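Protein chains in written order, with the working numbering: chain A, 10 to 799; chain B, 19 to 123. All C-beta atoms, glycine included, are put in the ideal place defined by N, C-alpha and C. Small disclaimer: the values here were computed from a predicted structure and weren't measured. Worksheet for the structure shown next.
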Amino acid sequence: MKQKITVALAGNPNAGKTTIFNALTGARQHVGNWPGVTVEKKEGTVTHSGRKIHVVDLPGTYSLTAYSLEEIIARNFIVDSAPDLVVNVVDAANLERNLYLSVQLLEMGCKLVIALNMIDVARGRGIGIDEAYLSSLLGVPVILTNGKKGIGLDSLLETIVFEVENNQSSDNFRRFTYGAEVEDELEKIQNLLRHVNYSLEGPAFRWLAVKLLEGDSEIVKKIDSGDDRKTIREQVEKSRSHLKNIFGDNPEIVLADARYGLISGAIKQTVQIERTDRVNLSESIDQFLTNRLLGPIILFAVLYAVYFFTFRGSESLVQYSESFFAWLGANVSETLPDGLLRSLVVNGVIAGVGGVLGFTPLIAFMFFAIAILEDTGYMARIAFMLDRVLRGFGLHGASMLALMVSGGIAGGCAVPGIMATRTMKEPKERLVTILVAPLMNCGAKLPVYALLIGAFFSGDRVSIMFLLTLISWAMALLAARVIRSTVLSGPSAPFVLELPPYRVPTLQGLLIHTWERTWMYVKKAGTVILAVSVLFWALMTFPGLPPEIQQSFQKKLEKLNSEFIKDVGASSVIQTPQALENFEKFTKEHKSDNAKDLTKALAAFSKSGYKSDNDSNQRYSLMENPEINTDVAGKFLVLRAKRLEVENKEQEERLRNSFAGRVGSFLELVFLPIGFDWRTNVALLGGFAAKEVVVSTLGTAYSLGSVNPEKSWNLSEKLRNEPGWNPLMAFTLIIFVMLYAPCFVTLVVIRRETGLWRWTIFAMVYTTLLAYAMAFLVKTTGSFLGIGLV
Amino acid sequence: MMSPTVSRKKCFDCSALEDNKCLAEKTVKLSNYKPGQKGQIVQVCGDSDFRLRMLEMGFVKGTEIKVVKYAPLNDPMEFEIRGYHISLRKKQAAHILMREPEIAV
Ligand SMILES: Nc1nc2c(ncn2[C@@H]2O[C@H](COP(=O)(O)OP(=O)(O)OP(=O)(O)O)[C@@H](O)[C@H]2O)c(=O)[nH]1
Ligand SMILES: [Mg+2]
């Protein structure tokens, strides 16, 4: 007796597999990745009468042909991993179409149990099913279940264990024959297969023969790599053309037809439909939701609501998590000694990882909203209504959601946007959607826009933002169009979209959906961004400044200090560099930043224990004179400002001398036509890690220290007065930032979702070329027409 | 279990899609059905991939299809077949040859 049973859940999309999976395994599930492919598989365990049952939730499929990735995955799992039993989850309200898969599973020789799910829905529609008779017709146990309420799951588990223990071999495949002509050909192919491979069992031979006869590309490939492939291939060709002659149609069509024939027969004998006059609730809802006039209006209201919910809803949480990382950075800053390690941890790791993970609440809200759209069934209606528009650009109705999430209304994120394309079954349309999604105005680009708009376009900000939204849509649709007619040309896949009945989603289902996707983002983004942040930190830090220049900055600082001491020393306790340093520490600890606080701090400082190095006790009395203190405090503030200036200048020099800075300087050659200098170039390089980094890097490059993207007004001021900067330049940069290479996390997700580096690199290259071309266009047109030069 | 005889009668196989007389009198493209009309499938035409896909979704000869509605921009169409709802683009629906429609109740 095997201690552990492996059970696979297979069935049509929306039949309730995941619901049953969750109900069976409870919280003990975990998410894993299929080896080599991009679709998730879910596994969990449940213990029943002392047996550990390992449950695998397969992707929903209508069939087991090699039509889509999901089908291949589901099929390969059943063939290669050979689960002890397959639970076929069947939607009782949609029995006929669902049984098509059941017949194919039987044909594969699987040990099968049918879970006749949604039995409540079927009964509600007046569909009566004689499950005992159905079971005897198909030769497999049929259990009535209601996944949502958890009804029938115990007897399902019972049956699973019983079947695995007692039913040794399955010969159900023999119940189902295709008639003499087809069977003859199947027999011929089977004989050849048997000759080649003795180790297979009966049903496997038959199934292989059926698939070969159907011309299944995956299976043909498998045979192609075996020995004796020539004889087999010849026999298959002969059989196929023989059957084509008899039936006047391709064998795969003939076989599918025959399967439906069998199903229709079974349905006639087991199902009774009691005609009810009840109106179909889903259809009534659709009278409004997909109505010619109301439909589109409601659609845009819903999309706006998604946007609103995601950004407004998560706003405070994002702020919390961002301030958490800020707090963490500040604390670590204080704990670690000044130097490379601190810089690495604070500027590299915490700033980088925090910048991305800070977005997690937003991502979670977005996924929750998507889960609601998906689980209610509204998503399919979105695709239904918008397909006509998007098709013109080589996209698909379902692309809309991905583009919206990526920033269709300014402020999304391409990472969940690209992941949302998983619901698309059409490979080319999905790929194009993935490739153009990064062109949308994601939330990280907004601080850059805000900076430049604030500096150069005060007055009509809203209309500029609107213009930018239009531009990014135009660019995305245009790019889609061009990609679909060049690198990804070819006819579009048939648009076969099921419109499931509306359902009220369960909270548990929504939360699980949200959690799984969010966790994926955190895991991937977290690990990748860590590496990238460290890399970019290193590129922007090393090799540092040559010693003589560093010394000259040091000297400047010392000079400032000694001037200050000379100036105030006579009247204050700060007479030596050491005392100055102590005082600075003291003010930092007390967070004294303005003149008033500093005055107080001075008084306190003179009384405190910081006097050890200094024996000029008699001067403390002087320090209690408030006027003098105010004066010294004022001068101290000036000193601080001057020092900051020098330090920022040093940072700028350091950045310029860093590897990234050198690349930036080198890129001046390339970017000459669009007028970006090394500072902009370094910032753009930094934006490759995450777009909002553009702002902070520009800050450093313009000697303002690292600028907080949320409060960039002083950088705006600086840019406005900088030679070479004008509205045209700003607009050129905005267009470039909008379109150029997706951030690194997005690239990783593209790699993950397409499975190919080729497309990842393509995405990076084409967007950058597009950005360059558009920026050039803006720049030259503007210069030519003399717009925005002052 | 299955009938290997394919109807060779004119107007009841895919060649009818090209034949205006057939389309006027006996058979109709599914894309020409109006909302609220229903009728039986005569033949699913088009390339093998498409036909197989449609077969798997239950579009078998003799099955009844009802047109529920057109999308707001007139394309794609929504159908009811075998008790579920499915959407196809008009271009694809034009590959499905139907008997003359009747009004669904
Ligand atoms: N009324 C009713 N609803 C159910 C039942 N089982 C599942 N549902 C609902 O049906 C919808 C689809 O269920 P899922 O479990 O996501 O279906 P699935 O088979 O995993 O679908 P895919 O993952 O797309 O293949 C959800 O809204 C469930 O709440 C049931 O027995 N009765
Ligand atoms: Mg599922």
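Residue 74 of chain A: contacting residues in chain B (beta-carbon distance under 8 Å): Mapped onto the first sequence, residue 74 of chain A falls at position 65. Those are 70, 74, listed as they occur along chain B.
Check: residue 157 of chain A C-beta below 8 Å from any heavy atom of ligand 1: If you number the first sequence from 1, residue 157 of chain A lands on position 148. Checking every heavy atom of ligand 1 against the Cβ of residue 157 of chain A, one is found closer than 8 Å.
According to a CB-to-CB cut-off of less than 7 Å, which residues of the stretch 245-265 of chain A neighbour chain B? So the close ones are 255, 256, 257, 258, 259, 261, 262, 265.
Top-ranked residue by Cα proximity to residue 34 of chain A, from A:23, A:54, A:16: The residue you call residue 34 of chain A lines up with position 25 of the first sequence. Nearest C-alpha to residue 34 of chain A among A:23, A:54, A:16: A:54.
Given the structure, does residue 23 of chain A come close to ligand 1, in the sense that its CB is under 8 Å from one of the ligand's heavy atoms? By one-based count along the first sequence, residue 23 of chain A stands at place 14. Yes - ligand 1 has a heavy atom lying nearer than 8 Å to the Cβ of residue 23 of chain A.
Measure the CB-CB distance between residue 746 of chain A and residue 457 of chain A and report whether it falls below 9 Å. Translated into the one-based positions of the first sequence, residue 746 of chain A becomes position 737. Translated into the one-based positions of the first sequence, residue 457 of chain A becomes position 448. Using a Cβ distance threshold of 9 Å, residue 746 of chain A and residue 457 of chain A count as a contacting pair.
Does the distance from the CB of residue 775 of chain A to the CB of residue 488 of chain A come in under 9 Å? Within the first sequence, the letter at position 766 stands for residue 775 of chain A. Within the first sequence, the letter at position 479 stands for residue 488 of chain A. In this structure, residue 488 of chain A lies closer than 9 Å to residue 775 of chain A by Cβ.
Specify, as a first and last residue, the run of the beta strand (DSSP E) that residue 283 of chain A falls within. Working through the first sequence from its first residue, we reach residue 283 of chain A at position 274. For residue 283 of chain A, there is no enclosing beta strand (DSSP E), since its DSSP letter is neither H nor E.
Where the alpha helix (DSSP H) containing residue 174 of chain A begins and where it ends: Looking up residue 174 of chain A in the first sequence gives position 165. The continuous alpha helix (DSSP H) containing residue 174 of chain A extends over residues 162-175.
Presumed contact (8 Å Cβ cut-off) between residue 825 of chain A and residue 419 of chain A, rounded CB distance: As shown, chain A starts at 10 and ends at 799. That puts residue 825 of chain A outside it, with no answer to give.
Sequence-distant residues of its chain with Cβ nearer than 7 Å to residue 316 of chain A (five each side left out): Position 307 of the first sequence, counted from the start, is the residue given in the question as residue 316 of chain A. Correct list, in chain order: 418.
Could you work out which residues of chain B lie near residue 299 of chain A, taking near to mean beta carbons separated by less than 8 Å? Residue mapping note: residue 299 of chain A aligns to position 290 of the first sequence, counting from 1. For residue 299 of chain A, the residues of chain B that pass the 8 Å Cβ criterion are 87, 89, 90, 96, in the order they occur in the chain.
How would you write the range of the beta strand (DSSP E) that residue 95 of chain B sits in, first residue to last? The residue given as residue 95 of chain B occupies position 77 in the second sequence. Residue 95 of chain B -> beta strand (DSSP E) spans 95-99.
Using a Cβ-Cβ cut-off of 9 Å, state whether residue 275 of chain A counts as contacting chain B. For the purposes of this step, residue 275 of chain A is identified with residue 266 of the first sequence, where counting begins at 1. It does not: the Cβ of residue 275 of chain A has no partner Cβ on chain B nearer than 9 Å.
Using a Cβ-Cβ cutoff of less than 7 Å, which residues in the same chain neighbour residue 84 of chain A once the five nearest sequence positions on both sides are dropped? The count along the first sequence starts at 1 and reaches residue 84 of chain A at position 75. The residues 73, in chain order, have a CB closer than 7 Å to that of residue 84 of chain A in the same chain once the five nearest residues on each side in sequence are set aside.
Which residues of chain A have a Cβ atom closer than 7 Å to the Cβ of residue 78 of chain B, listed in chain order? Working through the second sequence from its first residue, we reach residue 78 of chain B at position 60. By Cβ distance, chain A contributes 266, 269.
Simplified DSSP assignment, three categories, for residue 522 of chain A: The residue labelled residue 522 of chain A in the question sits at position 513 within the first sequence. For residue 522 of chain A, the three-state secondary structure derived from DSSP is helix.
Run through chain A and tell me which residues come within less than 7 Å of residue 93 of chain B, C-beta to C-beta. To locate residue 93 of chain B, count along the second sequence from 1; it is residue 75. Going along chain A in sequence order, the residues near residue 93 of chain B (Cβ under 7 Å) are 397.
Would you say residue 26 of chain A touches ligand 1, meaning its beta carbon is less than 8 Å from a heavy atom? Working through the first sequence from its first residue, we reach residue 26 of chain A at position 17. True, at least one ligand heavy atom lies under 8 Å from that Cβ.
Environment of residue 23 of chain A [buried if 16+ CB atoms lie within 10 Å]: Numbered from its first residue, the first sequence carries residue 23 of chain A at position 14. The Cβ neighbour count for residue 23 of chain A, taken over all protein chains shown within 10 Å, is at least 16; the residue is labelled buried.
First and last residue of the uninterrupted alpha helix (DSSP H) at residue 204 of chain A: One-based indexing of the first sequence puts residue 204 of chain A at position 195. Element bounds for residue 204 of chain A: 189-205.
Answer yes or no: the CB of residue 6 of chain A versus the heavy atoms of ligand 1, is any distance below 8 Å? Only positions 10 to 799 of chain A appear in the structure, and residue 6 of chain A is not among them; the question remains open.
Tell me the start and end of each unbroken alpha helix (DSSP H) in the stretch 389-459 of chain A that is at least 4 residues and wholly inside, in chain order. Segments of the alpha helix (DSSP H) lying fully in the stretch 389-459 of chain A: 408-412, 423-428, 436-445.
Is residue 61 of chain B helix, strand or coil when you go by DSSP? Along the second sequence, read from residue 1 onward, the residue named residue 61 of chain B stands at position 43. Residue state, collapsed to three classes: strand.
Given 8 Å as the limit, is there contact between the stretch 145-158 of chain A and the stretch 24-31 of chain A, that is, 3 or more CB pairs closer than that? Proximity of the stretch 145-158 of chain A to the stretch 24-31 of chain A meets the contact definition, three or more beta-carbon pairs being nearer than 8 Å.
Helix, strand or coil: which one does DSSP assign to residue 55 of chain B? Your numbering for residue 55 of chain B matches position 37 in the second sequence. DSSP places residue 55 of chain B within a strand segment (E or B) once states are collapsed to three.
Buried/exposed call for residue 42 of chain A, threshold 16 Cβ in 10 Å: Along the first sequence, one-based indexing puts residue 42 of chain A at 33. Because residue 42 of chain A sits at a pLDDT of 33, beneath the cut-off of 50, its placement in the model cannot be relied upon, and the point is left open.
Against chain B, with Cβ distances strictly below 9 Å, would residue 507 of chain A count as a contact? As a first step, residue 507 of chain A must be located in the first sequence, where it is residue number 498. Yes - at least one Cβ of chain B is within 9 Å of the one on residue 507 of chain A.
Whose C-beta lies closer than 7 Å to the C-beta of residue 404 of chain A among residues of the same chain, with five residues either side of it excluded? Here residue 404 of chain A refers to the residue found at position 395 when the first sequence is read from its first residue. In the same chain as residue 404 of chain A, and ignoring 5 residues on each side of it, the C-beta atoms closer than 7 Å to its own belong to 438, 441, 442, 489, in chain order.
Within chain B, the residues that residue 511 of chain A reaches when beta carbons sit closer than 7 Å: Reading the first sequence from its first residue, position 502 is the one you call residue 511 of chain A. Result: empty, since nearest Cβ-Cβ is about 11 Å, beyond 7 Å.
Please report the Cβ distance between residue 48 of chain B and residue 104 of chain B, rounded to the nearest whole angstrom; I am assuming they are in contact, meaning their Cβ atoms lie under 8 Å. As a first step, residue 48 of chain B is located in the second sequence; it is residue number 30 there, counting from the start. As a first step, residue 104 of chain B is located in the second sequence; it is residue number 86 there, counting from the start. Your pair residue 48 of chain B and residue 104 of chain B does not check out as a contact, with CB atoms roughly 12 Å apart and the cut at 8 Å.
Rounded separation between residue 589 of chain A and residue 569 of chain A - CA only: Taking the first residue of the first sequence as 1, we reach residue 589 of chain A at position 580. Taking the first residue of the first sequence as 1, we reach residue 569 of chain A at position 560. Each residue's Cα considered, the two are about 12 Å apart.
Taking residue 102 of chain B as the query, report the chain A residues whose CB atoms sit under 7 Å from its CB, ordered along the chain. Locating residue 102 of chain B in the second sequence gives position 84, where the first residue counts as 1. Result: 103, 106, 507.
Could you check where the beta strand (DSSP E) with residue 63 of chain A kicks off and where it finishes? Locating residue 63 of chain A in the first sequence gives position 54, where the first residue counts as 1. Residue 63 of chain A -> beta strand (DSSP E) spans 60-66.
Straight-line gap, residue 19 of chain A to residue 71 of chain B (C-alpha atoms, nearest Å): The residue labelled residue 19 of chain A in the question sits at position 10 within the first sequence. The residue labelled residue 71 of chain B in the question sits at position 53 within the second sequence. Using only the alpha carbons, I get a separation of about 19 Å.
Got a sec: is the Cβ-Cβ distance from residue 55 of chain B to anything in chain A below 9 Å? The residue given as residue 55 of chain B occupies position 37 in the second sequence. No, residue 55 of chain B does not count as interfacial toward chain A.
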